[in-house]
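Shown next, in structure tokens, is the structure this report addresses.
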Amino acid sequence: MSTDTPTQPEQTEGSDSTPLGIIAGTGFQNLTGLAVDSRHEIETLVGRPSSPLLLGHWHNQAVLFLNRHGELHTRPPHRINYRANLLALQTMGVRQIIAINSVGSMHECMPPGTLVLPDDLIDYTSGREHTFVDAMSSLEAHVDMSEPYSRLLRQRLIAADRSGQATTQAVYGATNGPRLETPAEIRRLRRDGCDLVGMTGMPEAALARELGLEYACIAVVVNWAAGFNGSSAISLDEIRQHIQDAEQALLVLVDQLMKDN
Ligand code: HPA
């Protein structure tokens, strides 16, 4: 491994040279199918990303991998520099991003341990740097979010899910955290039409759209949302267990996506 300057990534022999970006969240920092070739420390005009970018390959697909919470998981959701993460990936040549987000579920059909490919979202976050418009005057201020996740990438994910087990229609509610929600807040999210709740889905999706990047989310359900389905307090042990339960299905899905490319 080498620490390089922010240049375009070199072509990995026999691979698709345009790297697919993967932004990995809690519990999924080490995707075992990824062979890492180099580490890239990037400084962007809006600061540093959460972690060095790992350039590697997965089957024949070049991949740029980023730990959303940092390599030592030191950045809570409200302290992540989402703008720097996306700009760093774009600077390194990424055009498409798969985001992996752990979430709570408020839908009986999406129990802990399962994968969901959400198709819509609601942003409840506040106080986050949520736009590039102030930093880059050339950008369109009012990007269209009528289909917030990339149709193309979602189709590829759905096709890669050979088991057909992943739920493919769901609304992701992005809360500010870092605390978990109250039962009344979850009931409100449900009334709003949310199926999932997580803390990192926004502003990431909107920032990707502002940069013209294709972006889709694999949501990994790691707990029932607060008070939902008779659940009592949400424990970290429970979350860890469900991360383990979902890990294999996640790897199979991402592996197939890389093979299909
Ligand atoms: N709420 C918010 N974010 C989360 C949850 C939750 O229940 N589980 C994992 N991320």
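When we follow the working numbering, the leftmost residue of the sequence shown carries the number 2, and every step to the right adds one. For every residue, glycine included, the Cβ atom is placed at its ideal position computed from N, Cα and C.
Check: 6 Å CB neighbourhood of Val37 in its chain, flanking five on each side removed; Outcome: Leu55 and Gly57
Check: Cutoff 7 Å; reference Lys260; Cβ partners in own chain excluding five residues on either side; Outcome: His60
Check: Cβ neighbours of Glu110 in the same chain (closer than 8 Å, five flanking residues each side left out); Outcome: Looking at the sequence itself, residue 110 is Cys, so the reference to Glu does not match. Once the five neighbours on either side are set aside, the close Cβ partners of Cys110 are Thr168.
Check: As assigned by DSSP and simplified to three states, the class of Leu54; Outcome: strand
Check: Contact test: Val47 Cβ vs the ligand HPA heavy atom, cutoff 6 Å; Outcome: no
Check: Start-to-end residues for the beta strand (DSSP E) that takes in His41; Outcome: Ala36 to His41
Check: Span of the alpha helix (DSSP H), counted from its first residue to its last, around Leu65; Outcome: Element bounds for Leu65: not the alpha helix (DSSP H) but the beta strand (DSSP E), Gln62 to Asn68.
Check: Under the three-state DSSP convention, the category Gln97 falls into; Outcome: strand
Check: Cβ distance (whole Å) where Ala220 is taken to contact Pro77 below 8 Å; Outcome: Going by Cβ atoms, the distance from Ala220 to Pro77 rounds to 19 Å, so no, they are not a contact pair.
Check: Nearest to Gln280 (by Cα), restricted to the options Ile123, Arg157 and Val223; Outcome: In the structure displayed, the chain extends from 2 to 262; residue 280 sits before or after that span and is not available.
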